[in-house]
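Participant: Order-wise, the sequence lines are chains A, Z and L. Numbering of the first sequence is given in my numbering, commencing with residue -8 and proceeding in unit increments. Numbering of the second sequence is given in my numbering, commencing with residue -7 and proceeding in unit increments. Numbering of the third sequence is given in my numbering, commencing with residue 241 and proceeding in unit increments. Quick reminder that beta carbons are idealized off the backbone N, C-alpha and C, glycines included.
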Amino acid sequence: MTPRAGRVRKPGVAFFDFTCCEGCQLDALNLTEDQIMDLLRAVEIVEFREVKTGGCESYDISFVEGSIAREEDADRLRDIRERSKTVIALGACAHIGGVNCLRNLVPADAALQEVYGDAAGDYDILDTVLPIDAVIDVDYVIPGCPINPEEFARTVADLLLGKEPRLPRHPVCVECKMAGNLCVFEKGQTCVGPITRAGCKAICVTAGRHCWGCRGLVDDPNIDAQREILDDAGLTVEQILEEFRIYFSCGKEAL
Amino acid sequence: MRAYDILIIDGEPIVRESIREWLARAGYNVEAVGSVDDALEAASEHEIHVAVADHRPDNAGAIDMLCRVKSEHPKITTVLIASQPSHTVEEAAAQACEVDHVLRPFPPDRLERLIRETMRSIHAEREGPVGVGLAPEPLAEVVEPRETFVLSSVALKALFDSLAASNRVFAVVEREGKYSYQAVADFAELSLDFDTTLLPPTRFLFPPRETLLDLRLGASPAAEPVVSEEASVLFGVHPYDLRAIELLDEVFMGQQPDPNYIARRRNTILIGIECLRPSATAFAPSMDADVVESGFDLMLAPVNGDFAVIVGTERGSKILQGRDGIRAPTDAEIAALSAQREAASKRYRVQLSVSRARLPRLLEDYYDDPYWGDRSRTCLSCGSCVMVCPTCFCFDVADQVDLDLSTARRVRRWDGCMLSDFALVASGENFRATREDRFRHRMFRKGKYLVERYGIVGCVGCGRCTTACLPRIASPAEAWNEIAEIDRAERRRTRTLRGKADSYVPHMATLKRVAPLTEREKVFELRLPRDQEVGHQPGQFVMVSVPGIGEAPISIASSPTRRGSIELAIRDTGNVTHAMHGLAPGAVLGVRGPFGNGFPLEALEWRDLILIAGGIGLFPLRSLIQYVADRRDRFGDVTILYGARSPEERVFTVDLAEWSRREDLTLRQTVDQGSEAWGGHVGVITTLIPSIVIQPAKTMAVVVGPPVMYRFVIGELKKKGLADDQIAVSLERHMKCGTGKCGHCQINGIYACQDGPVFTLEELNVLQEAVA
Amino acid sequence: MSSTNIHVHHVTRIEGHADIDVILSDGRIEKVLWSVTESPRLFEVMLRGRDYGDVAHVASRICGICSIAHSLASIRATEKAFGIEVSRQSEKLRSLLFHAEVLESHILHAYFLAAPDFLGVDSAVSLASSDEDALRRAMRLKRLAYVLAEELAGRKTHPISCVVGGFAKLPDPRRLEAVLTALRDSLADLERTVDLFASLEMPDFARETEYIALTDPHEYAFLSNTVASSDTGSSPIEAFVEEIEEFCVPHSTAKYARHRRPSYMVGALSRFNLSHDRLRTRAKDAAERLGLVAPCHNPHANTSAQVVECMHAAEESISILEELLGAPLSSPRVEVVPRAGRGIGVVEAPRGLLIHDYTYEASGAIASANCIIPTNQNHGNIQADMEALLPSLVDPSEDEIRHRLEVLVRAYDPCVSCSTHALRVRVGRTEARGARP
């Protein structure tokens, strides 16, 4: 597809959400006025339940936000896959399960019982929350909790130009150093930035905190070394497990 | 005239043809000749880039042949392939003429690599800069000789203000005890007394991200260069960082000049400041980067409350022109400057144990050593080491398309060879796929490749990578030192006792020195014949024998870092020791060993240490204290507690005095009973412990002393929050064989002579007999 | 007897998934049912065992649109449990951050979710061709709120810098100056927003109910510890949580809540009804132009109340910024020492009263958590309004029924993803809607 190719049909873009906070689809539109106007000129938003009434039969690009927690959601997701040329996982919940991973630490029955009490029987959920690639084939990923709007814009622009969108392969440390931050470990705290995929510009460390790992693991994480540095920092085994729990405990990358 | 990439000169047809075939398969045009006359003829008829000769007994004239080719055709790069011993060949080649490179025959890809690099630089030279309007030229007129003036701090502030009035000024600012370069408008905000900054100032010349081109897409594409001409001042740059800028100048302003770098460099005024407070991980003097003579416009140094300023360039001179409060330095100030520079150079804790010049050769010899794999096991491939490095300049370039799909920017951003995808190509092949490959590459690049390519060392010893590396493996000095140590050990291998089969036959050692420590104890210095080393670890012991009297286990009181001899401290208590007390220098003694496990160095490294000795427990512990003092950069805070019955019964008082003088060790002493002359602490050793401040998570304690001492000392240490695996003790047991057989030293199921004498409490918890 | 079912599957332009079912019998409305179908998320389970330093990080993920409200409710709960008081400066910064979310959330709802119903378009995106000015204005205001939040907390969605004890990092005063200027400039956009919404015709419907919101004697409250009810007056939050009852209904994955009556309302309209006299000048003026007079019993006016609050949020933010920038910022954080205990953190999220109720172990790990979400508190009221609205329609077509119910639901600005994070059940499942014993 080439830009300015006359009045060809604009690619149809759809947004879908499953178990999530819906922050990523809102952040996808956290662009400058001009960027949004450019986007609306370049694509046709054909389905976006949150901001739009009406739907469509098939989609060129489907952005899917959220994890899969129920069989009916898995069915709906498969249907979306059928009708989409390209499926992109939008955000950590779709990509790696997001914070929903934490629910997997407790058996589903017990979790429902704890929350809904006697009414637990009315709810039917999967044993574990799944990232979407556990249910369907996913073409691309825009990671993060929430996503980085600039990365979203770049991915869309790349796809429209027929260019393969690419994620950074290096860990957060690279961008953290570029930002001139003092290492979290030097402040006496801990961080999973050394094994987490970059692309966020180390936003959490820059804002005074540490990396939780929301963008998932790098391709070849040295987990043993990460364990050792956490151990060196004085963490107990339980604390080290906790560091890996929030974002690294479900889906294909599960530690 | 035909152009050959490579000319092979070798009298032996089989060798000649096999090299030719191999290089031809690699894609080069190769000519092979059998004599120097044919070589000279080929060189005058064809254009030849590289001449190769193999140095072997049957091709003895190789050096001469290359020399003749070189003398008549100086542009040809000459390469001598030399099997060992390469050092002598290399020297011969260097003496005879200028053979450009001497290579070992293995691994064979090295020749290919060298030829590839040579060809590349020849192409670059021939084609010259493409599409770049800027030719390399000097930046600012260098001033000779350097003149020194003195400015009052008021005058320095005025100088800053005048620079800040018309330029962006970047200077060092302190935040939570760490320093970084920030845009500074107020002189009061900046610091000139800092150890080192988080990121080097090179980022103002070569920023983390920059746009190189504005692109227009579509039917009529276009590219506009984006070059910033904004003027700035770097106010307060340490010499090692100036040295790094020198390398960047060579890289970006030499062949294929980089317009973005050049524009920034030209528009940046560099004001240096001498580094008087080196960071704990720095080793700039080893890299010749603690003091620089050029590379700055002005260089500052504090002197007696004022500032000395050295003028480096015309531009610097102009900045000073017509300013108030400038005067010539006094003789006293000149003396003070050199004295403080001298003192500063002594404050570096890390040193290279091998000469810089030897590094390239040394590294080459150990390319395939398992060290690289072991050392890089914990590498996170996080890139921190290269991101904070002032001499790293690798980058990646990518187009960033705007959502209007008609404009884009070509953006350059820092990249690094330690990142897993750095050498990944589109086909999916990764040329440095393992941590080991990448780790070794970085150490080679810093210590060898850059030196060979640019003639400037690729590391300036700033120590930033050491600090930034979480698994603490990034220090080039450490890696190089360890390779040098492997090399020394390799050469010593046949000359130490360690590694030789255990036997009952003692090695005969000569007593070099005997000195009294107290009334009952003496120290004995023993030397093995033919400069052999015992090859021990701190905490190990040897079996010492006096023929006819017997054999006794004795701890080694000196560190293996002190070479040439070992020291044994001995109390006159049994037959053997009594006999020894009677010996004089020159006497010959039997030595077997070393035996035992020694102190757990792996567990002690990088931790804060509390080393506790009671009485003659200091004998074995001294070997560890010496070791720690000699490898000080590998340990955190070190506190030594020593207790004796009375001031007179203290041993190694000379050492005690030295340790107490050292700023990087804390020594506290106590005696059970004081005397009139004793001005120090009185009380049992446990009374020293409550007052020391420790961080339990990163501390290890080692305790050596009489059995009665252990229980109480351990109790106090536990109160401080230390766990059982953080406390190590050395146990004394009766020993006869030293080889785990005779049974005397057995504690439950284990033998102290083999599995001990050092144990952590955790290990001892299962041994009922061990409780001291 | 003919019977027709109208099923609105996944109501659009609201946060999360919910359905409406209407059963018509002989043209008469037999039954109407508002049900939440979003997948349950079980945050109570997810929060248990987390260290206090991670609690707000996880709790924030309950909702992407009001994540600042969740973060601050969470942090305030933890601080109460640990007995921590933050500095006045931290309180001011939090208030500023909070107003950024109020502004952003209300602009999103008013322009993108609610307005299309009255402008006859399927989404605000369609305004790109009909009224690009309005679309750009909405995006500008939304973006400004994002920028303000970014300066204070690193990010609007799932804020980073606000922590137990204060802030992990202070904002850069030079950049806050720039935001202040932009906020002053935005007042013109907000005035035009008031004009736009004043020109829209709200459906005529009223049903009196119980209105509940936080109040403060000195200001229009978003962060306070006192809850007021239009029925029963003020009480401290700790007393209030004992008075409300959460319960499950079989058709819905969200939980419901009730106070004195079978249902009550929270959100902008409740706040306006209870605190309108403490609005800032331009906001009061906006209310007048929008025809909003307290007490207002028309739930559709909730959107108008949000527009009024947008103006108030901008004015309040300007005032706080002017005060903060008058003196240098000091240390961002007070010391935090965990201890065992319970803490209830409460805020007025854009959609209404939000309560996080935590119990901590001495180690600083959370032992149990309960979150009471604004939309859960409104579910009962939405159902009651639907039941009251339908009979008032004269001979409605199916489309009209569908449309009127959707418009009503959207006026509440329900946040369904939030409401399925409903946590601990205190009372067993019941369908009874009577008053509490």
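#1: By a C-beta neighbour count over all protein chains shown, 10 Å radius and 16 as the cutoff for buried, is Y496 (chain Z) buried or exposed?
#2: Taking the C-alpha atoms as reference points, what is the distance between F436 (chain Z) and L204 (chain Z)?
#3: Between which two residues does the beta strand (DSSP E) holding A607 (chain L) run?
#4: Strictly by DSSP, which residues pair up with D261 (chain L)?
#5: For chain L, find out if any of its Cβ atoms is closer than 9 Å to the Cβ of P308 (chain A); answer yes or no.
#6: Output the distance between the C-alpha atoms of L381 (chain L) and E638 (chain L), rounded to the nearest integer angstrom.
#7: What in chain A is Cβ-close to Q248 (chain Z), meaning under 9 Å?
#8: Looking at I1 (chain Z) and P25 (chain Z), is the spacing between their C-beta atoms short of 9 Å?
#9: Out of L:V276, L:A378 and L:W274, point me to the one whose CA is closest to I27 (chain A)'s CA.
#10: Any idea which residues DSSP pairs L416 (chain Z) with across the strands?
#11: Would you say H161 (chain A) lies against chain Z (beta-carbon separation less than 9 Å)?
#12: Within 10 angstroms of its Cβ, does Q665 (chain Z) collect 16 or more other Cβ (buried), or is it exposed?
#13: What residue range is occupied by the uninterrupted beta strand (DSSP E) comprising F299 (chain Z)?
#14: At a Cβ threshold of 9 Å, is D66 (chain A) touching chain L?
#15: Assign Y386 (chain L) to one of three DSSP states: helix, strand, or coil.
#16: Can you name the start and end residues of the alpha helix (DSSP H) that H540 (chain L) belongs to?
#17: Among residues of its own chain, excluding the 5 on either side of M241 (chain L), which ones have a beta-carbon nearer than 7 Å to its beta-carbon?
#18: At the level of alpha carbons, what is the spacing between L155 (chain Z) and A336 (chain Z)?
#19: Would the region 32 to 42 of chain A count as touching the region 70 to 88 of chain A if we require 3 or more Cβ pairs under 8 Å?
#20: Considering only residues of the same chain and omitting the five flanking positions on each side of V132 (chain A), which have a CB-CB separation below 6 Å?
#21: From the DSSP output, in three-state form, read off W203 (chain A) for me.
#22: I'd like to check one pair, M692 (chain Z) with R599 (chain Z): are the Cβ atoms closer than 9 Å?
#23: Inspect the CB distances between the region 475 to 488 of chain L and the region 536 to 545 of chain L and report whether three or more fall short of 8 Å.
#24: Compute the beta-carbon to beta-carbon distance between S369 (chain L) and A453 (chain L), rounded to the nearest angstrom, for a pair I have assumed lies under 8 Å.
#25: Hey, would you say L(-1) (chain Z) sits closer than 9 Å to I68 (chain Z), going by beta carbons?
#26: The alpha helix (DSSP H) spanning Y619 (chain Z) covers which residue range?
#27: CB E448 (chain L) to CB H516 (chain L), shorter than 9 Å?
#28: Have a look at A:R218, A:S240, A:C241 and A:F235 and flag the residue whose alpha-carbon is nearest the alpha-carbon of R369 (chain Z).
#29: Along the chain, where does the beta strand (DSSP E) containing F587 (chain Z) start, and where does it finish?
#30: Out of curiosity, what's the CA-to-CA distance linking V387 (chain L) and P98 (chain A)?
#31: Quick one: complete beta strand (DSSP E) runs, 3+ long, within the region 184 to 248 of chain Z?
#32: DSSP beta-bridge partners for I562 (chain Z)?
#33: In the DSSP assignment, find the unbroken alpha helix (DSSP H) run with T458 (chain Z) in it and report its ends.
#34: Whose C-beta lies closer than 8 Å to the C-beta of I138 (chain A) among residues of the same chain, with five residues either side of it excluded?
#35: In the DSSP assignment, the alpha helix (DSSP H) including C371 (chain Z) goes from what residue to what residue?
#36: Taking Cβ-Cβ distances shorter than 9 Å, what residues in chain L pair up with C249 (chain A)?
Facilitator: From the atom records:
#1: Looking up residue 496 (chain Z) in the second sequence gives position 504. The residue is exposed, with fewer than 16 neighbouring Cβ atoms inside 10 Å.
#2: The residue labelled residue 436 (chain Z) in the question sits at position 444 within the second sequence. The residue labelled residue 204 (chain Z) in the question sits at position 212 within the second sequence. Answer to the nearest angstrom: the Cα atoms are 30 Å apart.
#3: For the purposes of this step, residue 607 (chain L) is identified with residue 367 of the third sequence, where counting begins at 1. From DSSP, the beta strand (DSSP E) with A607 (chain L) extends over I606 to I612.
#4: Against the third sequence, residue 261 (chain L) aligns to sequence position 21. For D261 (chain L), which the question treats as bridged, DSSP gives the partners L:H247 and L:L273.
#5: Within the shown structure, residues of chain A are numbered from -8 to 246, placing residue 308 (chain A) beyond reach of any answer.
#6: The residue labelled residue 381 (chain L) in the question sits at position 141 within the third sequence. The residue labelled residue 638 (chain L) in the question sits at position 398 within the third sequence. One C-alpha to the other measures close to 37 Å.
#7: Mapped onto the second sequence, residue 248 (chain Z) falls at position 256. In chain order: nothing, as chain A lies at least about 25 Å away.
#8: In the second sequence, residue 25 (chain Z) corresponds to position 33, counting from 1. In the second sequence, residue 1 (chain Z) corresponds to position 9, counting from 1. A small correction: the amino acid at residue 25 (chain Z) is Val; Pro does not occupy that position in the sequence shown. Against a cut-off of 9 Å, the Cβ pair of I1 (chain Z) and V25 (chain Z) comes out as a contact.
#9: Along the first sequence, read from residue 1 onward, the residue named residue 27 (chain A) stands at position 36. Looking at the Cα atoms, L:A378 is the closest of the given residues.
#10: The count along the second sequence starts at 1 and reaches residue 416 (chain Z) at position 424. Answer is Z:N422, bridged to L416 (chain Z).
#11: By 1-based counting over the first sequence, the position of residue 161 (chain A) is 170. It does; some Cβ of chain Z falls within 9 Å.
#12: As a position in the second sequence, residue 665 (chain Z) is number 673, starting the count at 1. Exposed, by the Cβ-count rule.
#13: As a first step, residue 299 (chain Z) is located in the second sequence; it is residue number 307 there, counting from the start. Counting along the chain, the beta strand (DSSP E) containing F299 (chain Z) begins and ends at D298 to T305.
#14: Translated into the one-based positions of the first sequence, residue 66 (chain A) becomes position 75. No, because no Cβ of chain L sits closer than 9 Å to the Cβ of D66 (chain A).
#15: The residue given as residue 386 (chain L) occupies position 146 in the third sequence. Reduced to three states, the DSSP call for Y386 (chain L) is helix.
#16: The residue given as residue 540 (chain L) occupies position 300 in the third sequence. Segment: none, H540 (chain L) is in no alpha helix (DSSP H) and carries neither H nor E.
#17: Within the third sequence, residue 241 (chain L) is the residue found at index 1, counting from 1. For M241 (chain L), the predicted structure reports a pLDDT of 46, less than 50, and the residue's modelled location is therefore unreliable. A value from the coordinates is still provided. Excluding residues within five positions, the ones whose Cβ falls inside 7 Å are S265 and D266.
#18: In the second sequence, counting from the first residue as 1, residue 155 (chain Z) sits at position 163. In the second sequence, counting from the first residue as 1, residue 336 (chain Z) sits at position 344. Each residue's Cα considered, the two are about 29 Å apart.
#19: no
#20: As a first step, residue 132 (chain A) is located in the first sequence; it is residue number 141 there, counting from the start. Answer for V132 (chain A): A80 and H86, listed in chain order.
#21: Within the first sequence, numbered from 1, the residue matching residue 203 (chain A) stands at position 212. Coil at W203 (chain A), not helix or strand.
#22: Taking the first residue of the second sequence as 1, we reach residue 599 (chain Z) at position 607. Taking the first residue of the second sequence as 1, we reach residue 692 (chain Z) at position 700. Yes, Cβ-Cβ distance for R599 (chain Z) and M692 (chain Z) is below 9 Å.
#23: no
#24: Looking up residue 369 (chain L) in the third sequence gives position 129. Looking up residue 453 (chain L) in the third sequence gives position 213. No, S369 (chain L) and A453 (chain L) are not in contact; Cβ-Cβ is about 39 Å, not under 8 Å.
#25: Within the second sequence, the letter at position 7 stands for residue -1 (chain Z). Within the second sequence, the letter at position 76 stands for residue 68 (chain Z). Cβ distance < 9 Å, so L(-1) (chain Z) and I68 (chain Z) count as in contact.
#26: Taking the second sequence and counting its residues from 1, one reaches residue 619 (chain Z) at position 627. Run containing Y619 (chain Z): L610 to D622, per the alpha helix (DSSP H) assignment.
#27: One-based indexing of the third sequence puts residue 448 (chain L) at position 208. One-based indexing of the third sequence puts residue 516 (chain L) at position 276. Taking 9 Å as the Cβ cut-off, E448 (chain L) and H516 (chain L) do not qualify as a contacting pair.
#28: Here residue 369 (chain Z) corresponds to residue number 377 of the second sequence, with the count starting at 1. Ranking the options by Cα distance to R369 (chain Z), first place goes to A:R218.
#29: Residue 587 (chain Z) sits at position 595 when you count from the first residue of the second sequence. Where F587 (chain Z) is concerned, the enclosing beta strand (DSSP E) stretches over V580 to F587.
#30: Here residue 387 (chain L) corresponds to residue number 147 of the third sequence, with the count starting at 1. Here residue 98 (chain A) corresponds to residue number 107 of the first sequence, with the count starting at 1. C-alpha separation (whole angstroms): 41 Å.
#31: 201 to 208, 214 to 217 and 224 to 229
#32: Indexing the second sequence from 1 puts residue 562 (chain Z) at position 570. Paired residue(s): Z:K514.
#33: As a working note, residue 458 (chain Z) is residue 466 in the second sequence. Segment R456 to A460, the alpha helix (DSSP H) holding T458 (chain Z).
#34: Against the first sequence, residue 138 (chain A) aligns to sequence position 147. Hits under 8 Å: C15, D18, A19, L81 and G82.
#35: To locate residue 371 (chain Z), count along the second sequence from 1; it is residue 379. Careful: C371 (chain Z) lies outside any alpha helix (DSSP H) and carries neither H nor E.
#36: As displayed, chain A neither begins before -8 nor continues past 246, which places residue 249 (chain A) out of reach and without an answer.
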